[in-house]
Amino acid sequence: MAIFREGFNVLREAGFSEEAILFDMYLSKEPAEIFERAADEGFVKQLKYHSRTSQYGQLSTMNRHDGKDIREKFHHILHDNILSGKFAEKWSNTKWAAEELAKEWKEVENAPIVQADERVRDVIKPDRKK
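Using the UniProt record's numbering, read the sequence shown as starting at 1 and increasing by one per residue.
Structure follows, in structure tokens:
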């Protein structure tokens, strides 16, 4: 989710509209189709359904980005939070976990992507349940 949040922030700062960003990211449901095809045909093979521009962008980025920064983040989460037992230890305290989860929900409600999502949905689905 942090990748989507930061992608949204970068694109918004570059002047793209909230609607365009969110539709491109997920409101079009294209990512759901992509992941369904990845499950059916393979993670890379599903690219054959993309435009040539998308294929080139995806493949050239994957082939040329060393992924070091992403790998370091995953390594940190795995070793410092999960394998160390810190996450399980904190989460097993049910009173703390309930309070912490409520706090996290409250904090995320103020994120720009969440606020934009609400505004865009109010326009495209004005009768939706909130």
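Glycine residues also receive a C-beta, built at the ideal position from the N, C-alpha and C atoms.
Euclidean distance between Cα positions of residue 97 and residue 91 = 5 Å
Tell whether a beta-carbon distance below 7 Å holds between residue 120 and residue 41.
no
* Straight-line Cα distance separating residue 114 from residue 107 -> 10 Å
ask   = Since residue 74 is in the alpha helix (DSSP H), which residue starts that stretch and which ends it?
value = 68-76
| request: Enumerate, from N- to C-terminal direction, the unbroken alpha helix (DSSP H) stretches of 4 or more residues contained entirely within the stretch 93-119. | output: 94-108
Simplified DSSP assignment, three categories, for residue 4
helix
Problem set entry | Cα-Cα separation, residue 116 to residue 76 | 30 Å
Report yes if the CB atom of residue 87 is closer than 7 Å to the CB atom of residue 81, and no otherwise. yes
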